[in-house]
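Visitor: Every letter in the sequence shown is one number past the one before it in our numbering, and letter 83, counting from 1, is 86.
Here a beta-carbon is modelled for each residue, glycine too, at the ideal position from N, C-alpha and C.
Quick caveat, the model's predicted, so the values are computed rather than measured.
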Amino acid sequence: MYQSLQEFQADWAHESSLTLKVLSVLTDESLKQAVSETKGRTLGQLAWHVATSVTGMFGAGGVQVDAPGFAAPVPNRAQEIVDCYRKASEGAAAALREQWTDAKLSEKLLLFGSIDTTYAGLLNLIIRHVIHHRGQMTILMRQAGLVPPGVYGPNEEENAAMRANH
């Protein structure tokens, strides 16, 4: 669990840069990719959920972020999703610095009416939520014919290039 806002901010900056790295590979056409014709979110819906959940999840902790939220309609342009995530991510970091102190982290929070946690727990959940959906996106990106970037290590193509150079 986070003991200081500075600790979270460092983690958030790193994870946000990785998320932007993944989102930046999306194309307008790839946003239509789904697991199947009848199941699950499309890649665009999933990417938009990641982008807008920043506002929604920080908002659940009382942090006001000036960016689109859950109810905003899914755009059909990949760049809009990238821009929204960047704005939300940077806005959340700035708002957190202005609106919270380290003392807030240990305070109790009933999240979404059913999850007993602390404000530090909320920050932990936000990070894990983004990581979870980022992983889902990389699978859909492959199905859409895209090459997702390596995130916590090289992707298949980066691995092959490293093996070829040794």
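Mind checking who Thr45 pairs with in its DSSP beta bridge?
Guide: Answer by DSSP bridge pairing, in chain order: Ala37.
Visitor: List the whole-angstrom C-beta distance separating Pro151 from Val28, where the pair is believed to meet the contact cut-off of C-beta under 8 Å.
Guide: Their Cβ separation, rounded to whole angstroms, is 6 Å, which keeps Pro151 and Val28 in contact under 8 Å.
Visitor: Nearest-angstrom Cα distance between Arg181 and Ser19?
Guide: This structure gives no information on residue 181, because the portion of the chain shown stretches from 4 to 169.
Visitor: Is there contact here, the stretch 67 to 74 with the stretch 87 to 96, by at least three beta-carbon pairs under 8 Å?
Guide: The stretch 67 to 74, when compared against the stretch 87 to 96, does touch it at the 8 Å Cβ threshold.
Visitor: Please identify the residue among Leu49, Ala98, Glu160 whose C-alpha is closest to the C-alpha of Gly65.
Guide: Measuring from the Cα of Gly65, the nearest candidate turns out to be Ala98.
Visitor: Give me the Cα-Cα distance between Asn162 and Arg131, rounded to the nearest whole angstrom.
Guide: Distance between the alpha carbons of Asn162 and Arg131 is about 25 Å.
Visitor: Going by the beta-carbon positions, is the gap between Leu125 and Leu114 smaller than 7 Å?
Guide: Taking 7 Å as the Cβ cut-off, Leu125 and Leu114 qualify as a contacting pair.
Visitor: Decide if the stretch 43 to 63 is in contact with the stretch 137 to 145; the criterion is three or more beta carbon pairs, one per stretch, under 8 Å apart.
Guide: Yes, they touch.
Visitor: In three-state terms, what does DSSP make of Leu113?
Guide: Three-state DSSP puts Leu113 in a strand.
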